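Working notes for the structure below.
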Amino acid sequence: MQRLELSTQADGVLESAAKALLAGGVAIFPTDTVYGIGALPQHSAALNRIYKLKDRPLGMPLPLLISDIAQVRTVSSFESESLHLLAKAFWPGPLTFVLPDASTASNSFVAQDGTIAVRSPDHAFIQSLCKVVGPIAATSANLHGEPTPLQISGMPKAFEAVDLMIDGGECSYGAASTILDLSKERIEVLREGPITKDAILSAKIIF
36 MQRLELSTQA DGVLESAAKA LLAGGVAIFP TDTVYGIGAL PQHSAALNRI
86 YKLKDRPLGM PLPLLISDIA QVRTVSSFES ESLHLLAKAF WPGPLTFVLP
136 DASTASNSFV AQDGTIAVRS PDHAFIQSLC KVVGPIAATS ANLHGEPTPL
186 QISGMPKAFE AVDLMIDGGE CSYGAASTIL DLSKERIEVL REGPITKDAI
236 LSAKIIF
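Following the working numbering, the residues of the sequence shown are numbered contiguously, the last one being 242.
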């Protein structure tokens, strides 16, 4: 396993991370919320490794991290005014959208109902990485059902089997993102995180 410090030689870390992911590797990296473990969606073997390392049930799809609203179009054909207004108000940031009409058939990140979860983190390194390699299938870097470490030093020993571990210090929010379901006629908050339901309502976006 290669371990890198994001605080030094950020360009070199970005290059190493892109190289590892493009080669089919699994990486652990900081985000704005919690540390994530991820791989590229096209590498099914890497996605399977994530499920095994986390002991994550196979029926739980992996969310996708993306650089910006434009990259949503590479994974979903869904278009709505609400999506664009919400993204403008809260992206990049700790808000995940559940969208219909996934444009890919991978079972690893498309739910049984055809929806897909996407988020643009408020983290410069991850945004840059997604611009280089495309969307990253990622989930929290913890054993399934266990608390997520906020620092690299707290990672489970099993995660030493990943290809790359990036130490970016402590994550700013320290909590999982808010999840907003846009796949149904009525928008629903599935999980309240750093962005509260009241904050979403106060944005005065007409659903």
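Even glycine gets a Cβ: it sits at the ideal position worked out from N, Cα and C. Just so we're clear, the structure is a prediction, and the values are computed from it rather than from any experiment.
(1) So, for Pro127: in the same chain, excluding its five sequence neighbours on each side, which residues have a beta-carbon less than 8 angstroms away from its beta-carbon?
(2) On the DSSP bridge assignment, give the partners of Thr183 in chain order.
(3) Give me the residue from Val69, Leu57 and Asp46 with the minimum Cα distance to Gly204.
(4) Could you round the C-beta distance between Thr150 and Leu130 to whole angstroms and report it? I think they count as a contact, below 8 angstroms.
(5) Given Leu178, which residues of its chain have a CB within under 8 angstroms of its CB, disregarding the five upstream and five downstream residues?
(6) Measuring only the C-alpha atoms, how far is Ile72 from Ala172?
(7) Return the CA-CA distance between Val153 and Ala176, expressed in angstroms with no decimal places.
(8) Under a Cβ-count criterion, where at least 16 other Cβ atoms within 10 Å of its own Cβ denotes burial, should Ser218 be classed as buried or exposed?
(9) What's the call for Ser212, buried or exposed, on a 16-neighbour Cβ count within 10 Å?
(10) Quick one, are the C-beta atoms of Asp216 and Glu223 less than 9 angstroms apart?
(11) Return the CA-CA distance between Ser253 and Ile187, expressed in angstroms with no decimal places.
(12) Are the beta-carbon atoms belonging to Ala45 and Gly60 less than 9 angstroms from one another?
(13) So, for Leu93: in the same chain, excluding its five sequence neighbours on each side, which residues have a beta-carbon less than 7 angstroms away from its beta-carbon?
(14) Going straight from the alpha carbon of Val48 to that of Pro229, what length do you get?
(15) Can you round the beta-carbon distance between Leu41 and Asp202 to whole angstroms, since I take them to be within the 8 angstroms contact cut?
(16) Ser112: buried (16+ other C-beta within 10 angstroms of its C-beta) or exposed?
(17) Is there at least one Cβ from chain D nearer than 9 angstroms to Phe125's Cβ?
(18) Enumerate in chain order the residues of its own chain whose CB-to-CB distance from Met36 is below 8 angstroms, with the five nearest sequence positions on each side excluded.
(19) Counting C-beta neighbours from all protein chains within 10 Å, is the total for Ser231 16 or more, i.e. buried, or is it exposed?
(20) Can you tell me which of Thr183, Glu220 and Asp233 puts its alpha carbon nearest to the alpha carbon of Ile63?
So, from the listed chains and residues:
(1) So the qualifying residues of the chain are Asp67, Asp103, Ser155, Pro156, Asp157, His158 and Gln162.
(2) None; Thr183 has no bridge partner.
(3) Of Val69, Leu57 and Asp46, the residue nearest in Cα terms is Val69.
(4) Taking 8 angstroms as the upper bound for CB-CB distance, Thr150 and Leu130 are not in contact here, some 16 angstroms apart.
(5) The answer, listed in chain order, is Lys89, Asp90, Pro191 and Ala193.
(6) Roughly 8 angstroms separates the two Cα atoms.
(7) In a straight line, the C-alpha of Val153 is about 17 angstroms away from that of Ala176.
(8) Buried.
(9) Result: buried.
(10) Against a cut-off of 9 angstroms, the Cβ pair of Glu223 and Asp216 comes out as a contact.
(11) The question about residue 253 has no answer, for the chain in this structure spans 36 to 242.
(12) Between Ala45 and Gly60, the C-beta spacing is not below 9 angstroms.
(13) Shown here for Leu93: same chain residues with a beta carbon closer than 7 angstroms to its own, the five before and five after excluded, namely Tyr86 in chain order.
(14) Going by the C-alpha atoms only, they are around 28 angstroms apart.
(15) Confirmed, about 6 angstroms.
(16) Classification for Ser112: exposed.
(17) No chain D is present in this structure, which holds just one protein chain.
(18) So the list reads Glu195, Ala196, Val197, Asp198, Leu199 and Met200, once near-sequence residues are dropped.
(19) According to the sequence shown, residue 231 is Thr rather than Ser. Counting other Cβ atoms within 10 Å of its Cβ, Thr231 stays below 16 and is therefore classed as exposed.
(20) Selection Thr183, Glu220 and Asp233 evaluated against Ile63 yields Thr183 as nearest (Cα-Cα).
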